[in-house]
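A quick write-up on the structure given underneath.
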Amino acid sequence: MSKSFYISTPIYYPSADFHIGHCYTTIIADAIARYKRLSGYDVYFQTGTDEHGQKIENKAKDAGVTPKEYVDKIIENAKDLWKSLDISYDYFIRTTDEDHVKRVQKIFEKLYKSGDIYKGEYSGLYCTPCESFWTEAQLVDGKCPDCSRDVHLIKEEAYFFKLSKYADKLLKFYDENPDFLLPLSRKNEMINNFIKPGLQDLCVSRTSFDWGIPVTFDKKHVIYVWIDALTNYITSLGYPDEVGDKFNKYWPCDLHLVGKEIVRFHAIIWPCILMALNLPLPKQVFGHGWLIIDGGKISKSLGNYKDPREYIKQYGVDAVRYFALREVPFGSDGNFSEEALITRTNGDLANVLGNLVNRSISMANKYFDGKVSNKKDYPEDKEFISCLESLKDEVDKKMKTYEVGGALASIFDVLRRSNKYVDETTPWILYKEGNLERLEKVIYNLLEAVRICSILLQPFMPSTTEKIFKQLGVSDTSFADICKKIDFSVNKPEVLFARIVEK
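If you count the sequence shown from 1, you need to add 56 to reach our numbering.
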């Protein structure tokens, strides 16, 4: 029986204005999910949309439609974008889904009956776009520390979750599970900036707007974002009314992959809610950095926004995926620019990968009518063959710690070494000298390098590797097939990445 692996991205605010920064989390999650599937895991990859709240209610009112009509019109934008990026999610949850609504209400009731939720009055500084409350000390120049927009004072009757009750238990969990929150800088930030100064009980209902899940026993209240949005990770598995095979197979989640701006919600609020429900905590939360432009976040208001589908149309889906996965050190911020995207595409994809595939298949066709077999071994190939044989273990090691960029770097090191191998062995001279036995082995080694690297590249560049396999005439493309020795019967080579000339 295969092992299960549950990976999630946060549920996104439904928008017609997704930018490349929004895509970053989901591209990484997709690469990890695909790698796990190819490694034999039963993967459950979840994403979705967070559709309730005052921000949506206000936008719907401005548009002259109901909130549900508003989100229904734009929800397909997210699905279309993920399709454009070859995102292979297993489940797309909407917080307006009927099952989710009913399960959230039951969770709220459960926490209320256990005494972890109580009624009070809230007075706080609120940022509507971020749907976050802040203390005066947390503001930056009097504005929201996340988005730098104005906050306003809110006073209203509300239900509260006893977050403060779980502070010591959470610190103990951090201590006993050192890899729960990574990278380490995020863990230190949560402990020193939020937990140790004292956790405040959390407002989990609102009465100042209507667009939310109603509290069943107090209809003037709607359930606020924390109980609504964060619980999507378990309501999708049937909790609390259908705790069966699906829940038992996939919970606890193996990896919550989130942007650093929402680590606090996933590493403090969410674990405390799960403790209150007596449920296991996720195995790991990883807070990655941002894709930024010129040192700042990508934003339509800053004039540096571009629909990701424009990049896909111009440069190709795998060029966009590769750039996002390779350019940014995982866990840190990385700079995005079209110039850098073009440089990566021309350098790594056209000059290294595309060139190797084209010249290897072309030589197989030119010298052996496309049919190349594995025959005599040559001692001078030992170092090169060793690179190929050790690559899978090296990539596995990087992917165990989700060093996606490092895994890609290892694969492209071997691709560069393969291009160097062509220059070292000079196949054209071997042909001229009539040394066809040695020539066939050289070309076989090159085709084998392309095959092995392409199998390992599948999670990162699925569209490109499919084209390579077709050119190689290869159908066995699982990780288990890497060690197979096959005879090649290649097809006509085709250009994978045309070199981009900057205007």
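Glycine is no exception: its CB is placed at the ideal position from the N, C-alpha and C atoms.
- Linking residue 531 to residue 452 through their CA atoms gives a straight-line distance of about 22 Å.
- For residue 365, the enclosing alpha helix (DSSP H) stretches over residues 364-371.
- Closest by C-alpha distance to residue 75, out of 393, 161, 285 and 147, is 393.
- Taking a cut-off of 8 Å for Cβ pairs, the stretch 431-444 and the stretch 72-87 do not touch, as fewer than three such pairs fall below it.
- Residue state for residue 549 is assigned as coil, using DSSP reduced to three classes.
- Taking a contact as a CB-CB distance under 8 Å, the pair residue 193 and residue 259 does not count as one, their CB atoms being some 18 Å apart.
- The DSSP-derived three-state label of residue 505 is helix.
- Taking the Cα of residue 429 as reference, the smallest distance to any Cα among 230, 544 and 253 is reached at 544.
- Within the model, the alpha-carbon separation for residue 557 versus residue 402 is close to 9 Å.
- Look at the stretch 169-206 and you find these whole runs of beta strand (DSSP E), each 3 residues long or longer: 173-183 and 188-190.
- In the structure shown, the three-state DSSP call for residue 443 is helix.
- Our two residues, residue 411 and residue 508, have alpha carbons roughly 16 Å apart in a direct line.
- DSSP places residue 288 within a helical segment (H, G or I) once states are collapsed to three.
- Boundaries for residue 263: no alpha helix (DSSP H) harbours it, and the DSSP string shows neither H nor E there.
- Taken through DSSP and simplified to helix, strand or coil, residue 77 comes out as helix.
- Per DSSP, the unbroken beta strand (DSSP E) holding residue 314 starts and ends at 311-315.
- Residue 60 is a Cβ neighbour of residue 306, given a cutoff of 7 Å.
- Its Cα nearest to that of residue 363, the residue 138 stands out among 138, 95 and 118.
- Per the coordinates, the alpha-carbon of residue 90 lies some 29 Å from the alpha-carbon of residue 282.
- Leaving aside the five residues that flank residue 382 on each side, the residues in its chain whose CB is nearer than 6 Å to its CB run, in chain order, 461 and 464.
- If you draw a straight line from the Cα of residue 380 to the Cα of residue 83, it comes to about 8 Å.
- Buried is the label assigned to residue 188, since at least 16 other Cβ atoms lie within 10 Å of its Cβ.
- Residue environment: residue 310 is assigned as buried (16 or more neighbouring CB atoms within 10 Å of its CB, all protein chains considered).
- Taking C-beta atoms as the reference points, residue 140 and residue 97 fail to come closer than 7 Å.
- Nearest to residue 69 by C-alpha distance, out of 149, 514 and 95, is 149.
- In this structure, the CA atom of residue 316 is about 31 Å from the CA atom of residue 165.
- Here the alpha carbons of residue 175 and residue 226 stand approximately 24 Å from one another.
- Secondary structure of residue 209 (DSSP, three-state): strand.
- For the 7 Å CB-CB criterion, residue 257 and residue 219 form a contact.
- Residue 150 is bridged by DSSP to 105.
- Annotated as distal: residue 502 and residue 408, with beta-carbon spacing of 7 Å or more.
- In this structure, residue 116 sits away from residue 313, with a CB-CB distance that is not shorter than 7 Å.
- Secondary structure at residue 554: coil, using DSSP grouped into helix, strand and coil.
- Residue 473 has its alpha-carbon roughly 47 Å from the corresponding atom of residue 130.
- DSSP places residue 520 in the uninterrupted alpha helix (DSSP H) bounded by 518-528.
- In this model, residue 146 and residue 88 are separated by some 13 Å (Cα to Cα).
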